[in-house]
Amino acid sequence: MVLVLFLVRTTFRAIFVCTEIGGRAEYIFRVFRFVVIRDYAGEIPGIMIMKSFIIIAVFFCAAASASEDYCYKDVVEACKTTSKKYTTGLNCTAKYGAIDAVQADLQKYANLHLVRSFEYLLMSTHFANYEKNRPGFEKLFRGLSDDKWSNGIEVIKYIAKRGGEMNFNVVGDDLLQEAEEDRSFELYELSAIARALDNEKRFALEAHHIHSEATRKSKSFHDPEISDYLEKEHVHKDRDLVRKLAGYTTDLSALLNGPDSSLSLFLFDDYLQKQ
């Protein structure tokens, strides 16, 4: 009987070490000795007791392993072999939440920033030539170009931070289907600002779309971290920029309808240069 109790105690310790609550092993063993050994030791052979607890030990260990994360299980499996090929497919990534669901949208969003950055740069150089000579408009569109480039890089960094990867070939259908006249960047002053206003509104709506995808639009996931990132880094800035460009469009339109549009345009360009 002493040998049986020793083996049972050892079995209990193995069970609860596997399930990571080893501090309770001694207590539960005492309960087992009090209830089972006292009442049934004379009726059930010791070998049957040991078989029963070996089965219980296997069950607890299997249950504990099944409840672990994929990364831990993959590492355990990889450690069981000396082959390096098993360590290349580990699920130990930074992905969680809705990043897989919105990754393609974030990629399109980043690429849109980069495309608009080059377009604003072309518009800027158009106003900087000797014929136009609008340094204020040149400064405005160069600033927009720099902002779009920086924002695009930050979106790419965010995708990587959340465990995703960037694909520069993913572009929105509406961008591919833009009319030929929309690809001309030698515009007059009012038309250029109006184009920029439309672009910035689209950026705002794209951010709203990704935000809605990450906030319980689907019942299978909810990612408030993505929503918080979009709100802090893009949504509020888009609001301010849309308001500024809308004001520029309204003011310039009114000035050009005045008695001396050439002088008004010169003064407006000077105003932009001082901003």
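Our numbering puts the first residue of the sequence shown at 3, with every later residue one more than the last.
In this text, a Cβ means the ideal position worked out from N, Cα and C, and glycines have one as well.
- The beta carbon of ARG218 sits closer than 7 Å to the beta carbons of HIS224 from its chain, once the five residues preceding and following it are set aside; these are given in chain order.
- The Cβ-Cβ distance between ASP240 and ALA198 does not fall below 8 Å.
- The beta carbon of ARG136 sits closer than 6 Å to the beta carbons of PHE129 and ASP271 from its chain, once the five residues preceding and following it are set aside; these are given in chain order.
- Each of ALA248, TYR190, SER119 and LEU247 was checked against the Cα of ILE155, and the nearest Cα belongs to SER119.
- Between ILE212 and TYR111, the gap from beta carbon to beta carbon is short of 8 Å.
- Between LEU274 and PHE139 the beta-carbon gap is near 6 Å, inside 8 Å, which marks them as a contact.
- Contact between the stretch 94-114 and the stretch 166-174 is present: three or more C-beta pairs spanning the two stretches fall below 8 Å.
- Beta-carbon to beta-carbon, ILE195 and LEU124 are separated by about 15 Å, too far to satisfy the 8 Å threshold.
- Between GLU215 and VAL104, the gap from beta carbon to beta carbon is short of 8 Å.
- In the three-state reduction of the DSSP assignment, CYS94 falls in the coil class.
- For GLY99, no alpha helix (DSSP H) encloses it, and the DSSP letter there is neither H nor E.
- Closest option to HIS115, judged by alpha-carbon separation, among GLU191, TYR72, VAL157 and LEU265: VAL157.
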